[in-house]
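There are 2 protein chains.
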Amino acid sequence: MTAPTADFALQLNLSQRVNVGDMLTRSAARDPHKTALVEGARRISYQDFNQWVNRTAHGLLALGYRQGDALALMSGNCMEFLVTYYACAKIGVVCTPLNLFWRQGELSYVLSHAQVRGVVAQQRWLAELAQVLGDLPAIRDLIVIEGPAPADVALPQRVQVQSLAQLGEGRAQADPEVLVQDRAPLSYLYTSGTTSAPKGVVGSHLAIYLETLGVIIDTELKAKDKVVAMMPMFHTAQLNAFCTPTIASNATLYILEAFDPVLLLDLIEAEQISMFFGLPMMFRALLEEQEHKPRKVSSLRRTVYAMAPMPDDDLRRLMDVFDCELSLMFGQTEMSPASTCFRPEHQLSHPGAIGTAGINVQIGIMDEAGNLLPREQPGEIVYRSPHLLTEYLHDEKATREAFRHGWFHSGDVGHFGADGMLWFEDRHKDVIKSGGENVASIEVEKALYAVEPKLAEVVVVGLPHERWGEAVTAVVTVRPGETLDPEEVLHKVKQKLSPFKCPKAVVVVDAMPKTATGKIQKNQVRKDFAAYFDK
Amino acid sequence: MTAPTADFALQLNLSQRVNVGDMLTRSAARDPHKTALVEGARRISYQDFNQWVNRTAHGLLALGYRQGDALALMSGNCMEFLVTYYACAKIGVVCTPLNLFWRQGELSYVLSHAQVRGVVAQQRWLAELAQVLGDLPAIRDLIVIEGPAPADVALPQRVQVQSLAQLGEGRAQADPEVLVQDRAPLSYLYTSGTTSAPKGVVGSHLAIYLETLGVIIDTELKAKDKVVAMMPMFHTAQLNAFCTPTIASNATLYILEAFDPVLLLDLIEAEQISMFFGLPMMFRALLEEQEHKPRKVSSLRRTVYAMAPMPDDDLRRLMDVFDCELSLMFGQTEMSPASTCFRPEHQLSHPGAIGTAGINVQIGIMDEAGNLLPREQPGEIVYRSPHLLTEYLHDEKATREAFRHGWFHSGDVGHFGADGMLWFEDRHKDVIKSGGENVASIEVEKALYAVEPKLAEVVVVGLPHERWGEAVTAVVTVRPGETLDPEEVLHKVKQKLSPFKCPKAVVVVDAMPKTATGKIQKNQVRKDFAAYFDK
Numbered sequence: 013m014t015a016p017t018a019d020f021a022l023q024l025n026l027s028q029r030v031n032v033g034d035m036l037t038r039s040a041a042r043d044p045h046k047t048a049l050v051e052g053a054r055r056i057s058y059q060d061f062n063q064w065v066n067r068t069a070h071g072l073l074a075l076g077y078r079q080g081d082a083l084a085l086m087s088g089n090c091m092e093f094l095v096t097y098y099a100c101a102k103i104g105v106v107c108t109p110l111n112l113f114w115r116q117g118e119l120s121y122v123l124s125h126a127q128v129r130g131v132v133a134q135q136r137w138l139a140e141l142a143q144v145l146g147d148l149p150a151i152r153d154l155i156v157i158e159g160p161a162p163a164d165v166a167l168p169q170r171v172q173v174q175s176l177a178q179l180g181e182g183r184a185q186a187d188p189e190v191l192v193q194d195r196a197p198l199s200y201l202y203t204s205g206t207t208s209a210p211k212g213v214v215g216s217h218l219a220i221y222l223e224t225l226g227v228i229i230d231t232e233l234k235a236k237d238k239v240v241a242m243m244p245m246f247h248t249a250q251l252n253a254f255c256t257p258t259i260a261s262n263a264t265l266y267i268l269e270a271f272d273p274v275l276l277l278d279l280i281e282a283e284q285i286s287m288f289f290g291l292p293m294m295f296r297a298l299l300e301e302q303e304h305k306p307r308k309v310s311s312l313r314r315t316v317y318a319m320a321p322m323p324d325d326d327l328r329r330l331m332d333v334f335d336c337e338l339s340l341m342f343g344q345t346e347m348s349p350a351s352t353c354f355r356p357e358h359q360l361s362h363p364g365a366i367g368t369a370g371i372n373v374q375i376g377i378m379d380e381a382g383n384l385l386p387r388e389q390p391g392e393i394v395y396r397s398p399h400l401l402t403e404y405l406h407d408e409k410a411t412r413e414a415f416r417h418g419w420f421h422s423g424d425v426g427h428f429g430a431d432g433m434l435w436f437e438d439r440h441k442d443v444i445k446s447g448g449e450n451v452a453s454i455e456v457e458k459a460l461y462a463v464e465p466k467l468a469e470v471v472v473v474g475l476p477h478e479r480w481g482e483a484v485t486a487v488v489t490v491r492p493g494e495t496l497d498p499e500e501v502l503h504k505v506k507q508k509l510s511p512f513k514c515p516k517a518v519v520v521v522d523a524m525p526k527t528a529t530g531k532i533q534k535n536q537v538r539k540d541f542a543a544y545f546d547k
Numbered sequence: 013m014t015a016p017t018a019d020f021a022l023q024l025n026l027s028q029r030v031n032v033g034d035m036l037t038r039s040a041a042r043d044p045h046k047t048a049l050v051e052g053a054r055r056i057s058y059q060d061f062n063q064w065v066n067r068t069a070h071g072l073l074a075l076g077y078r079q080g081d082a083l084a085l086m087s088g089n090c091m092e093f094l095v096t097y098y099a100c101a102k103i104g105v106v107c108t109p110l111n112l113f114w115r116q117g118e119l120s121y122v123l124s125h126a127q128v129r130g131v132v133a134q135q136r137w138l139a140e141l142a143q144v145l146g147d148l149p150a151i152r153d154l155i156v157i158e159g160p161a162p163a164d165v166a167l168p169q170r171v172q173v174q175s176l177a178q179l180g181e182g183r184a185q186a187d188p189e190v191l192v193q194d195r196a197p198l199s200y201l202y203t204s205g206t207t208s209a210p211k212g213v214v215g216s217h218l219a220i221y222l223e224t225l226g227v228i229i230d231t232e233l234k235a236k237d238k239v240v241a242m243m244p245m246f247h248t249a250q251l252n253a254f255c256t257p258t259i260a261s262n263a264t265l266y267i268l269e270a271f272d273p274v275l276l277l278d279l280i281e282a283e284q285i286s287m288f289f290g291l292p293m294m295f296r297a298l299l300e301e302q303e304h305k306p307r308k309v310s311s312l313r314r315t316v317y318a319m320a321p322m323p324d325d326d327l328r329r330l331m332d333v334f335d336c337e338l339s340l341m342f343g344q345t346e347m348s349p350a351s352t353c354f355r356p357e358h359q360l361s362h363p364g365a366i367g368t369a370g371i372n373v374q375i376g377i378m379d380e381a382g383n384l385l386p387r388e389q390p391g392e393i394v395y396r397s398p399h400l401l402t403e404y405l406h407d408e409k410a411t412r413e414a415f416r417h418g419w420f421h422s423g424d425v426g427h428f429g430a431d432g433m434l435w436f437e438d439r440h441k442d443v444i445k446s447g448g449e450n451v452a453s454i455e456v457e458k459a460l461y462a463v464e465p466k467l468a469e470v471v472v473v474g475l476p477h478e479r480w481g482e483a484v485t486a487v488v489t490v491r492p493g494e495t496l497d498p499e500e501v502l503h504k505v506k507q508k509l510s511p512f513k514c515p516k517a518v519v520v521v522d523a524m525p526k527t528a529t530g531k532i533q534k535n536q537v538r539k540d541f542a543a544y545f546d547k
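Shown next as C-alpha cells:
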C-alpha cells in the first residue's frame, strides 16, 4: 500500500494497534457494569473506571502531553495509581512509577534521567518532592491525587499544581483517539542499582501486552476471579503480572495498601477472593495468622509466590491450610517481568526449581563465550522473548552488553535438569570465587538453614580475602529469643558441605538491609562487611 | 538509542521479535521429546519437528528466498503442510496456502496476484498446477511434498523441481537467524470471492501470534491436550485457531486428512483425544455414528463448533452423548480468524447468539454513517483488534473501505443484547430489501426450519422482483425419502412471520452449491436463480 495519509494512518492504528490501554477499553465494552476495582469501601465498574481513565487522558492531552513524554507517578496502591497508568497508556505517555523507598538522591536522579515533565503524587510525598523539584526545571506539572497541594509545601513558581479530579474535570469520557505505535514505551521502570545508578528499563506496549497474556495463560485467570493487589504497584511484578492481567480478563481487583495478614485473610473471607500473590515470607505470616484465627478461605483457587522457591515444609502446610493451587512466578523487571512458572503440578516434586519457560519465553544457558550449553550444565540464564525490555534508557552500552550474542543476559546463574526443569543457582554477581572454585552463595545458604533452626535469615557473600580471593562468609540474623554460637554453626555445616564451600566466618547481625519488596540487599551486606577480613 | 548497526539490529530482533515460528522453537526448547504431531502411523517430537522446519527454512534460504517473498502451498492436511508454514514463518517468507477447491482460473489469479515465486505441492495437484505454470513466468521453484514430480507431468523448463526432503537435505538443523519484523506478513489468505476476484488477506506475524494466544485463553488449551485437525489447513480457522495454538501450547496435534465420523470417533477412543473443532453439520454426523456404535469418549474436554450457532436440540444431544464442554467460535479470515467465543456456560441460555468478544477484540455496532449504536440496535458488526489483517494485498481501495471510521467493517449485521451478548443477524449483503423493509435472511431460514421438519437445508435470498425490489425467496433441499409441497410450507410459515418477511416462493433443489469448508454459497444461489421472477 502507498504511505497512508495521516488521517488514515490514525484510523488503521486505532483498529490494529497493540496498546495496554485497549485491554481496559475492551473489558469495559464487554462487561461495562462488572466491578473492576475495589479499594476499601470504594467500588468502581469497568465502564466508570474506563471513563475516569479517558477523562484523565484527555486532561493530559489538554496539558500538552504527547506520545513519548514522561510522567512520573509517586503513589502507594490505590485506584488512582491505575487510573494514571492506563491514562498514560491510551495516549502514549510514558508512565514512570517511583519507588516509594527512594530518597532525594534517587528521586532526583530518576526524574532527571527520564526527562520527566510532570508528576502525579499522593499528598504524603509532596514534602519529599518539594525538596528536589527546585533543581529539576523540566518538571512543570504536579498533579495531586487527593486534592490540591497543602499550603505548607513550598513548590517552585513554574510548577502548576492541580488535583487529579481537576485534571479530568469536564473532559470527554470517550476513548482518546491518538496514534501510538506497538513498540512505543509504556513505562520506564528503574531497577534498584546498589553498585551503580538505577537503570531505566524501557517497557513497550507490545512487551507488557504479551507478558499480560502470558500470565493469564499461566495462572488461568478468568473473568470470575477476584484478585488481591497488596504488593507495591510501582513494582513490575504487581503491576504487570497481576494488575494488567486482572483488568484484561474482566476480573475484579481488590486493592490493599500493603501486606497485612489480618486484613488479607479477613478480605479473603468477606469477598471470596480467588487469587493473590506475595513473597514467601508473607505466606509464612499468613499461615501463622490463619492457624491462630481460622477464616473461611475455600474461595482461594490459586496463590502465587514470587521470585524465590519456598521450602517444601512451608508448601505442605500451605496446601493443607489453604487447600488451593500454588505456583511460583520467577522473572525480572527486564522481562516485564514473568519468565518462568513453577506450576501447581510440579510443587513438591522438584524442590528449589523455578519451573519452565512461559509461553512467550525461550530460555538458554550460556557460557561466557556466548555458547549455549546442554542440559545439566550451569551457566548464565539468557532469554529470548517479545516481552523483553526495548532497551535501557539512555544507556546504549548497557543495552548492547545485555543483548550480546542475540540473547538477553539475565545476570542469573542456573541450569536445566535432565527433564527440562530450570534451577536457579545464584545471581551471577553473587557467585563466590574462592580459592579457584566457584561457590553458589545460595547453596551455602540452604545448607545453613537446614542445619541450624535458630537462624532467621542467612546471607552468604564473598568478601575480599588475602588467601582465598573471596572468602565465603555467612551474615545471619537469629530468631527472636534464641542465641547462636557461630562456631557451633560452622561445625554443623562442615558435615554437609565440601570444605571449599564452607563459610570462613559466621557473622551475627540485628537486621538485614532490604529493598522495597522485602528482598535482602546482598550488595549492601557485601559493602558493609567489605573490610571484615582486613588485617 | 542511536540506530543500531545491522549486526546488533539482528541480535535485538532475535531476542525481542514477535514471530509465529518462535512459538514452535519455544515448545521444542521447553519439552523437546514431547509428541508434536501424529498423522496415521507417523509421530514426531517437538525437537524433530522443529529441526525439520529449520532444515526446510535453510533450504529456502539457499534457494534465495528472502523476507517478503511469497511461497504458495497446495496441500491437504499433513505434517508437511505445517513444516512449510513454520519454515516460512522463521525466515519471513510469506506462506500462501491455496484452496484445494480452486480450479485453474482461481489458481492462476492468486499465484499471479500474490507474486508467488515458488510452490510447495502434493503430487496429486501437479497436473492441475502444470496447466497454469506456463503463464506464470515468476514461478521458478516447485517443491513436491512426497518426492520428485512424476515424469508424465509437463512443466516449463524454467521451473526447478525437487522434493521437500531434497530441499532440506544436509541443511543445518539450528534455528535460522534472520531479521523478521513483528508486522511482516506471515501469510496471504485469499477469501473466496463469489461476486468479485478473491481478496488477499495479509496476515502479519503479530496478528496471528496474538490471535493464537487469544484462542489458547478462550479454549483453555494446555500442554496435556490432544487436539484433532480435520478441517482444511489451508483455511485460517483450522490453521490459526487450532494448529498454531496447539503448537504454542506444547500440546499434541492429530492430523486427519478430512472429516470422517468413523475415523474421528475411533481416533478419540484410541488416543484419548481431548479437543477438536468442526462445523455444526459434522457434529450431527458424529452424534449419529456414536449412537450407532458407541465409543469411549470420556477423554473429550472441549469441542468447538465454528461459524454458526447450533440448534439447542443438537446441543442437548451433544452434551448428553459426549459429556464435554462446547463452545462456538465465530470470526472471519480478516480477524485471523477468531473474534467471539460463545462460552460453555452460555450454551443453551442464549440460543442463536455468537458470544462475547475475545480478549484482544473490541466489537462495535455501526450505522452507515459511522456512528456506534447502543445495545439492542442492529447494524454492521465492526472490529478493533491487533489480530486484524494488515491490509488487502494490492488493493488499497478495499483496505480503505474496510477500515473507514477507524474500525474494520466485518460485512456482518448483528446487535448486542441488553446483557452484552452478540447476536449475528446476517451477512450485510444477505439482508434483503423487500418493499422498503429490511429482512434478515437468517430469521426467515430459522422460521422455515422450525415449521417444516422435512427440510434438510434452507437458503433464503432476495431475488430481483419488479414489485418488491427484492423478493424474499427460499431455496431448499429435502430430507432423504421425503417429499415437500411448497404451498404447504408457505402456509405454515405465514403463521410465524410478518407478511413482509414471508417468502414469495419456495424452490426445491437437489443440492446446494458449497465452499471448501462446507458452507452454502448464498451468492451462487442468488446468481443461479437471478432470473426466477422474470416474466
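Which chain is which? The protein sequence lines are A and B, in order. Numbering-wise (the working numbering), the first sequence opens with residue 13 and increments by one. Numbering-wise (the working numbering), the second sequence opens with residue 13 and increments by one. Glycine included, C-beta positions come from ideal geometry on N, C-alpha and C. In this text, all values refer to a predicted model and were calculated from it rather than measured experimentally.
DSSP state of residue i, grouped into three classes?
| i | result |
| --- | --- |
| I444(A) | strand |
| C336(A) | coil |
| A297(B) | helix |
| H362(A) | coil |
| S549(B) | The requested residue 549(B) is not part of the displayed model; chain B covers only 13 to 547. |
| D546(A) | coil |
| T206(A) | Residue placement at T206(A) is flagged as unreliable, the pLDDT there being 49, under the threshold of 50; the coordinate-derived value follows with that caveat. T206(A) falls in the coil class under three-state DSSP. |
| I228(A) | helix |
| V379(B) | With the sequence shown as reference, residue 379(B) is identified as Asp, and Val is not the correct amino acid for it. D379(B) falls in the coil class under three-state DSSP. |
| N252(A) | helix |
Measuring only between beta-carbons, confirm whether residue i sits less than 7 Å from chain A.
| i | result |
| --- | --- |
| P398(B) | yes |
| I280(B) | no |
| T206(B) | Confidence is the limiting factor: at T206(B) the pLDDT is only 48, short of 50, which leaves the residue's position unreliable, though a coordinate-based value still follows. Answer no: the Cβ-Cβ gap between T206(B) and chain A never drops below 7 Å. |
| L49(B) | no |
| V30(B) | yes |
| R355(B) | no |
| I393(B) | no |
| R42(B) | yes |
Can the beta-carbon of residue i be found less than 7 Å from the beta-carbon of residue j?
| i | j | result |
| --- | --- | --- |
| V443(A) | V487(A) | no |
| G539(A) | G481(A) | One detail in the question is off: residue 539(A) reads as Lys in this sequence, not Gly. Not closer than 7 Å, so no. |
| G212(B) | L405(B) | yes |
| A320(A) | R387(A) | no |
| S175(A) | P160(A) | yes |
| L559(B) | V473(B) | Here chain B comprises residues numbered 13 to 547, so residue 559(B) is not present and cannot be evaluated. |
| G214(A) | T402(A) | Note that residue 214(A) is Val in the sequence shown here, rather than Gly. Taking 7 Å as the Cβ cut-off, V214(A) and T402(A) qualify as a contacting pair. |
| A566(B) | C255(B) | Only positions 13 to 547 of chain B appear in the structure, and residue 566(B) is not among them; the question remains open. |
| A528(A) | F93(A) | no |
On the premise that residue j lies in contact with residue i, defined as a C-beta separation below 8 Å, what is that separation, rounded to the nearest angstrom?
| i | j | result |
| --- | --- | --- |
| K466(B) | R491(B) | 6 Å |
| N66(B) | A184(B) | 7 Å |
Please report whether the beta-carbon of residue i lies at a distance below 7 Å from any beta-carbon of chain B.
| i | result |
| --- | --- |
| K313(A) | Checking the sequence shown, residue 313(A) turns out to be Arg, not Lys. No, R313(A) does not count as interfacial toward chain B. |
Checklist entry - Are three or more beta carbon pairs between the stretch 29–37 of chain B and the stretch 109–117 of chain B nearer than 8 Å? => result no
Checklist entry - Would you call the stretch 74–82 of chain A and the stretch 179–193 of chain A touching, i.e. three or more CB-CB distances under 8 Å? => result yes
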